[in-house]
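I have placed the structure first, in the form of C-alpha cells, so that the comments after it can refer back to it.
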Amino acid sequence: MHNIIEEFLQTNNDLIPIRYSYSDIRKMIRGFKDKLSEGCYDSVYKGMLHSGRLVAIKMLEKSKANGQDFINEISTVGRIHHVNVVQLVGFGLKGSKRALMKHNDRPTMNRVREMLEGEVESLQMPPKPFLYPREQPPKDERLKSNSRCSTTASDHDDSDEINQITESS
1 MHNIIEEFLQ TNNDLIPIRY SYSDIRKMIR GFKDKLSEGC YDSVYKGMLH
51 SGRLVAIKML EKSKANGQDF INEISTVGRI HHVNVVQLVG FGLKGSKRAL
101 MKHNDRPTMN RVREMLEGEV ESLQMPPKPF LYPREQPPKD ERLKSNSRCS
151 TTASDHDDSD EINQITESS
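Taken in order, the sequence shown gives residues 1 to 169; the numbers are from our numbering.
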C-alpha cells in the first residue's frame, strides 16, 4: 500500500501541493491538540504553516487498502484552483498515516457568534433594498392576485411582481 503511494508521488512530482514530513505536520498541529471535527474515516485539526497562515489538516485514519482514495484526492483536488473548491496546500504520509492540508479561511464558530451578536446599527444597509415592505391587500384580493395569468406587468410595479412570486412559492 505504501509503495503504491510512493510510486505515484515519484512519477507525479509536478504536483502543486507541497509534501511535508509527518514530524512537520505534527508540529503544525501542535501535537494533535486542536481538533476541529471527527468523522468515521478521519479527524480534522487546526494547524498553522510557517508563514502563519491557518490550515485544516485532515488525518486519514481508515483509508482504502491500496491508498487509492489518498492518490485520487492529491491528484484531483491538488490541481483544482477554483473559488468554490478548498485548495489543497500540502500532504504528508508516514507508513499508513496520511494527512491532507487545506486552507482554513473560514471563521471560527466564536467569530461567527460574535458577528451574529454584533450591533445591528453598525451594519451597512444597501442604499436600495431588493424587496420593499408593502401593504397587504385583504385576504380575498390576495387569492385573486395570486394567479399569474391575470396579472400583467402594467398592473403592478416591479416590487409588487416580486412579492407576488414570493408569496405564491
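Ideal Cβ placement from N, Cα and C applies to all residues, glycine included.
6 Å CB neighbourhood of residue i in its chain, flanking five on each side removed
{"i": "I29", "result": "Y45, G47, I57"}
{"i": "K94", "result": "Y22"}
{"i": "L60", "result": "D42, R98"}
{"i": "E88", "result": "The amino acid occupying residue 88 in the given sequence is Leu; Glu does not appear at that position. Correct list, in chain order: P17, V77, G78, K102."}
Cross-strand partners of residue i (DSSP beta bridge)
{"i": "Y45", "result": "K35, I57"}
{"i": "F70", "result": "Answer is none; F70 lacks a bridge partner."}
{"i": "R98", "result": "L60, L93"}
{"i": "I18", "result": "G90"}
{"i": "H103", "result": "V55"}
The alpha helix (DSSP H) enclosing residue i, as first and last residue numbers
{"i": "R209", "result": "Residue 209 lies beyond the residue range present for the chain, which begins at 1 and ends at 169; the question has no answer from this structure."}
{"i": "V112", "result": "109 to 116"}
Beta-carbon contacts of residue i that lie in its chain and below 7 Å, excluding the five residues immediately before and after
{"i": "E119", "result": "none"}
{"i": "L54", "result": "K46, M48, N104"}
{"i": "K97", "result": "Y22"}
{"i": "F32", "result": "Y45"}
{"i": "D34", "result": "Y45, K46"}
Residue i and residue j closer than 8 Å at C-beta
{"i": "G78", "j": "R19", "result": "no"}
{"i": "G67", "j": "I25", "result": "no"}
{"i": "E73", "j": "L100", "result": "yes"}
Contacts around residue i, its chain only, beta-carbon distance under 8 Å, and the 5 residues preceding and following it disregarded
{"i": "E38", "result": "V44"}
{"i": "V85", "result": "V77"}
{"i": "S51", "result": "none"}
CB contact check: residue i to chain D, cutoff 8 Å
{"i": "L54", "result": "No chain D appears in this structure, which consists of one protein chain only."}
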